[in-house]
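K.L.:
Let me give you the structure first, and then I'll get to my questions.
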Amino acid sequence: MRRLFPVTDQTSRPAGPGSGDRAADADSRPAARPAARPDAGSEDARPADFEDREWSLDELAEAYAYPDTGPDGHWLRANMVSTLDGAAQHEGRSQPISSDTDMRIFGTLRALADVVIAGAETVRQEGYRPARAREAFAARRAAAGQGPAPAIAVVTSGADLHYSLPLFTSPLVPTLLVTGAGAPAGKVAEAARAGAEIVVAGDGAAVDPARVVRELADRGLRRQLTEGGPRLLGQFVAADVLDELCLTISPMLTAGDAQRIAGGPGVAVPHRLAPASVLEEAGFLFTRYRRI
Numbered sequence: 059m060r061r062l063f064p065v066t067d068q069t070s071r072p073a074g075p076g077s078g079d080r081a082a083d084a085d086s087r088p089a090a091r092p093a094a095r096p097d098a099g100s101e102d103a104r105p106a107d108f109e110d111r112e113w114s115l116d117e118l119a120e121a122y123a124y125p126d127t128g129p130d131g132h133w134l135r136a137n138m139v140s141t142l143d144g145a146a147q148h149e150g151r152s153q154p155i156s157s158d159t160d161m162r163i164f165g166t167l168r169a170l171a172d173v174v175i176a177g178a179e180t181v182r183q184e185g186y187r188p189a190r191a192r193e194a195f196a197a198r199r200a201a202a203g204q205g206p207a208p209a210i211a212v213v214t215s216g217a218d219l220h221y222s223l224p225l226f227t228s229p230l231v232p233t234l235l236v237t238g239a240g241a242p243a244g245k246v247a248e249a250a251r252a253g254a255e256i257v258v259a260g261d262g263a264a265v266d267p268a269r270v271v272r273e274l275a276d277r278g279l280r281r282q283l284t285e286g287g288p289r290l291l292g293q294f295v296a297a298d299v300l301d302e303l304c305l306t307i308s309p310m311l312t313a314g315d316a317q318r319i320a321g322g323p324g325v326a327v328p329h330r331l332a333p334a335s336v337l338e339e340a341g342f343l344f345t346r347y348r349r350i
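Residue numbers (my numbering): 59 to 350.
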């Protein structure tokens, strides 16, 4: 894997004798960052970052580090994969359009998060299991005041899930069921009996996306990661609560009618994000965009 962006003064080099430095100067400018929140991850790329090699988990963790938002702040990032023609899935699952390195980044993002947020349909289709503790990230999580693994938060209005699955019966940290006050009481009670913690984030059966973020942050889960699916990500986009998008662009074409990475009602004005970094391996682009 190699870094394509950002390029800094320390790492950019002229192409050869007589080459100008206009392009280098343009590339060396750091991407715009949010006024209220510092950048996520380091912009000080090293020369080795531009070599095509396998990055260590520690290097990936540095590249995708959450920003310091202060004791009362929070940060919601999404991690999704898309083909060149915009498909977020193939035959209902993301794995066929992924890669080994994409999965390493997927695991790294999980290992950095306090909580992984997923919609109920994604939990069912992808066969979600509890997040596990990983020795490679143990010291980093301890230094950040985190537990051994992130919690999984399942967002659902109907609470219609199989509560006998390991996600609910044997997680390292309790799974959260995020739903509305009007969700079916029997199903919510079943989830609680299975060991899930109930988070009410809406007055009706459905949740309020902005309230989901706030309720989780109020529980100390401030480094937030959503893995979709498309409907849930679309709700976060529409509510304008998404701070960062980590998007893997898969060098594949699928055609068909697969979902995009975000679905649901559109926004009145498209939300523009700023590029933070681009990594590449074997034709896969691992991009990171953040709120302006």
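Beta carbons are placed, not taken as given, at the ideal position from N, Cα and C, and that holds for glycine.
Using C-beta distances below 6 angstroms, list every residue in its chain close to A297, excluding the 5 sequence neighbours before and after it, in chain order.
P.N.:
Indexing the sequence shown from 1 puts residue 297 at position 239. Closer than 6 angstroms at Cβ, skipping near neighbours: P267, A268.
K.L.:
If we call anything under 7 angstroms between Cβ atoms a contact, is G205 one with V174?
P.N.:
Position 147 of the sequence shown, counted from the first residue, corresponds to residue 205. Position 116 of the sequence shown, counted from the first residue, corresponds to residue 174. It is not a contact, given that the beta carbons lie outside the stated cut-off.
K.L.:
Hey, would you say R135 sits closer than 7 angstroms to L283, going by beta carbons?
P.N.:
Sequence index remark: in the sequence shown, residue 135 carries index 77 (1-based). Sequence index remark: in the sequence shown, residue 283 carries index 225 (1-based). It is a contact, given that the beta carbons lie within the stated cut-off.
K.L.:
Extract the residue ranges of the beta strand (DSSP E) inside the segment 189-271, only unbroken runs of 3 or more that lie entirely within it.
P.N.:
Segments of the beta strand (DSSP E) lying fully in the segment 189-271: 209-213, 234-237, 255-258.
K.L.:
Grouping DSSP H, G and I as helix and E and B as strand, with all else coil, what is P39?
P.N.:
The structure shown does not extend to residue 39, since the chain is modelled only from 59 through 350, so no value can be given for it.
K.L.:
Tell me whether S157 is buried or exposed, calling it buried when 16 or more other Cβ atoms sit within 10 Å of its Cβ.
P.N.:
On the sequence shown, residue 157 is found 99 positions in, with the first residue counted as 1. Counting Cβ neighbours within 10 Å, S157 comes out buried, since at least 16 surround it.
K.L.:
Can you name the start and end residues of the alpha helix (DSSP H) that V295 belongs to?
P.N.:
Translated into the one-based positions of the sequence shown, residue 295 becomes position 237. 288-296 is the extent of the alpha helix (DSSP H) around V295.
K.L.:
Quick check on DSSP: helix, strand or coil for Q153?
P.N.:
To locate residue 153, count along the sequence shown from 1; it is residue 95. In this structure, Q153 counts as helix in the three-state DSSP scheme.
K.L.:
Name, in chain order, the residues that DSSP records as bridge partners for A136.
P.N.:
Sequence index remark: in the sequence shown, residue 136 carries index 78 (1-based). Paired residue(s): T284, L303.
K.L.:
Please confirm if the segment 122-135 is in contact with the segment 272-282, defined as three or more CB-CB distances below 8 angstroms between the two stretches.
P.N.:
With a cut-off of 8 angstroms, the segment 272-282 and the segment 122-135 count as touching, because enough Cβ pairs lie within range.
K.L.:
DSSP three-state label for A73, please.
P.N.:
The residue you call residue 73 lines up with position 15 of the sequence shown. Residue placement at A73 cannot be trusted, given a pLDDT of 47 that sits under 50; what the coordinates show is reported in the next sentence. A73: coil per DSSP, three-state reduction.
K.L.:
Considering only the beta carbon of each residue, do L225 and Y186 sit closer than 7 angstroms?
P.N.:
What you label residue 225 is simply residue 167 of the sequence shown in a count that begins at 1. What you label residue 186 is simply residue 128 of the sequence shown in a count that begins at 1. The answer is yes: Cβ separation under 7 angstroms.
K.L.:
Do I210 and T227 have their CB atoms nearer than 7 angstroms?
P.N.:
The residue you call residue 210 lines up with position 152 of the sequence shown. The residue you call residue 227 lines up with position 169 of the sequence shown. No.
K.L.:
I need the DSSP call for V174, collapsed to helix, strand or coil.
P.N.:
Position 116 of the sequence shown, counted from the first residue, corresponds to residue 174. DSSP places V174 in strand when its eight states are reduced to three.
K.L.:
Per DSSP, what are the beta-bridge partners of T333 in this structure?
P.N.:
If you number the sequence shown from 1, residue 333 lands on position 275. Per the sequence shown, residue 333 should be read as Pro rather than Thr. BP columns for P333 point to Y347.
K.L.:
One question on the structure: do Q293 and A146 come within less than 7 angstroms of each other, judged by their Cβ atoms?
P.N.:
Numbered from 1 along the sequence shown, position 235 holds the residue referred to as residue 293. Numbered from 1 along the sequence shown, position 88 holds the residue referred to as residue 146. Taking 7 angstroms as the Cβ cut-off, Q293 and A146 do not qualify as a contacting pair.
K.L.:
Using a threshold of 7 angstroms, state whether the C-beta atoms of L290 and V213 are closer than that.
P.N.:
On the sequence shown, position 232 is the one that residue 290 refers to. On the sequence shown, position 155 is the one that residue 213 refers to. Result yes, Cβ atoms of L290 and V213 sit closer than 7 angstroms.
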